[in-house]
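Residue numbers for the sequence shown follow numbering that gives the first Met the number 0, beginning at 0 and rising by one.
All C-beta atoms, glycine included, are put in the ideal place defined by N, C-alpha and C.
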Amino acid sequence: MSLSLSTPPSVHPHHSKTYIHLIYLSHGNHGSKDDWTNVKALLERQYRTMVHDENKESASSSNHNTWNLLISNSNGEDTHVGVLKGGENAAEELLAYVRTHWAGEYEIEPRDIEGATPDDVYLEETTKSEIQNNEDLSHCSRGMPRHTLIHSNIVIELYWIGHSLGGLFSRAGIGFLAESAEWQCGIIRPRSYISLCSPHLGSRRPGGTLLKNLWRFGANFYSLTLGQTGRDLFLKNNVLMRLSEEDYFTRPLRQFESRTLCAVCHHDVAVPYASASIRAHNPYELPITSRNVKHEFHIKGYSGFHLERHRRLFEALYPHLEPYPSADIVSEFVTKNNLNENGEHVETTEMEPQDTFHSDNYGQVEFSSQMFHSLNSLPWRRIDVQFQSKNRLDQIKMHEVVLAMQKVPLKSTTMRLAGEQFWREVLFPVLWSDRIHSTDFMGDALRGKDDLGLRDVVVVCGGGIAASSEEKPG
């Protein structure tokens, strides 16, 4: 399906290339492409998106000036293959889509690497075997590319969004994707990585009290049913540590212009706030559960949105909120773990001599301190949301509200509407603002060279501000 946007074409007047904006959606554990059905419909209505459909010719060269949406299905039949294999499957699916629909728009040839040392080039075949065999990848430093770009008429701006386990598949897949000729030669340009309630710190549960010990036992038993994925998520191997530390995975993730973590502050049983937000301290009070409350969502906090266009966006949408400093996320962890048994601060000259395990202040996640610090060495944008619930049954569904879906037997129209509100009022404005920046339209608007300003961004994306804007032909 292809529909025109209400914005100028994605071709900057000073560039000869066509910019294709590709949103890639990855589902979570036990999920499928159907998880994104309602989000797909929202995107079609909101962005007038061109949606990938394997039964249709959905990415013809005549439609390069629209958004493109690809919903991953490579892990739909089995999400228990492990984080690394799931990531490789997702990367291969994305590359197959790009090569099928835009192969005629660019030409790449292998680079002559005669005389080069192994440290100078990508070692594709060796690397794949080493990854699956859990070997060290320090020699794969991503030096001289293996391919040379002859010509290209396009740049594919990649916006990779993963829900739950899909956020980890995405991080692993980015490492594999960076091995491709399309990435090396700039055909695929990493624009925005977004995770929705993804267990970046793993799913290991702390013990302590009788109730917590029972919960930990149950979680460990459940992990046995998840195959390799369970061993990865419950930190029974070093897969998540490798995703957090090895240059093979972290360097291409760092190349994304932005990395955004969306986390539910409370009642996400599957992925608690600490793991989704990579944060040791949850500063938010438990919300009131009452039959009298409305099903809606609230932005409780945000950080990392330093660019002017994003600052203005959040100030317009949520004037009552102040962003919390990203530096506080690590300092609050250090402070928490430098308290003695009386709660008094103890000065220390070392962070931690070796890797140890800690839990967040609500005692919901047990995580590696080394992995925590490695992940927080990357700059992240964070969006903390809370969905109001009327009863315990609503809380069971909390992990899926961000998908705005209704899953049998836990159907809830009101919770779905809250999820739709989250997309309209948070993710749509952020994605739109990222897209405009990528082709420099926002820069022109802020300099008065184009009449597509922040006001239009907020209105078109349903941000809840009373304003009007004339549509422009696509």
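Judged by DSSP secondary structure, G226 falls within the alpha helix (DSSP H) whose first and last residues are 226-232. Under the DSSP assignment, H146 falls in the beta strand (DSSP E) whose first and last residues are 146-151.
For P282, DSSP assigns no beta-bridge partner whatsoever. Under the Cβ criterion (8 Å, minimum of three pairs), the segment 151-159 counts as touching the segment 98-112. Annotation: the continuous alpha helix (DSSP H) that includes P251 extends over 246-254.
The residue from L239, D433, R311, S71 with its alpha-carbon nearest to that of S274 is L239.
Taking the Cα positions, F175 is about 29 Å away from S302.
G166 is not a Cβ neighbour of S191, given a cutoff of 7 Å. Counting of Cβ neighbours within 10 angstroms places E314 among the exposed residues, the total staying below 16. Sequence-distant partners of G81 (beyond 5 residues in either direction) whose C-beta falls short of 8 Å from its own C-beta, in its chain, are G226, Q227, T228, R230, D231, V238. The DSSP-derived three-state label of G161 is strand.
Rounded to whole angstroms, the separation of the alpha carbons of S202 and M370 is 13 Å. Our two residues, Y23 and E244, have alpha carbons roughly 24 Å apart in a direct line. Here G27 is near H162, since their CB atoms are less than 7 Å apart.
Straight-line spacing of the CA atoms in N375 and I277 works out to 7 Å. Annotation: K396 to S388 spans about 10 Å, alpha carbon to alpha carbon.
Under a 10 Å Cβ-count criterion, V268 is classified as exposed, with fewer than 16 other Cβ atoms of the shown protein chains found around its own Cβ. If you look at G206, you'll find it isn't in any alpha helix (DSSP H); DSSP assigns it neither H nor E. Within the same chain, Cβ atoms closer than 7 Å to the Cβ of H29 are found at T78, the five residues on either side in sequence being excluded. With respect to the 7 Å criterion, M404 and N37 are classified as neighbours on the basis of their beta carbons. W101 sits away from I70, with the two beta carbons spaced by 7 Å or more. Every beta strand (DSSP E) stretch that sits fully inside the segment 351-434 and reaches 3 residues is listed by chain position as 356-358, 365-367, 380-386. Following the DSSP letters along the chain, one finds G300 inside the beta strand (DSSP E) bounded by residues 296-302.
A417 is not a Cβ neighbour of V429, given a cutoff of 7 Å. Contact check for F168 against A89 passes: the beta carbons are separated by less than 7 Å. C-alpha of K16 to C-alpha of G185: approximately 12 Å in a straight line. Within the same chain, and ignoring the five residues on either side of F332 in sequence, the residues whose Cβ sits closer than 6 Å to its Cβ are A279. Secondary structure note for E104: it is in no alpha helix (DSSP H), with a DSSP letter that is neither H nor E.
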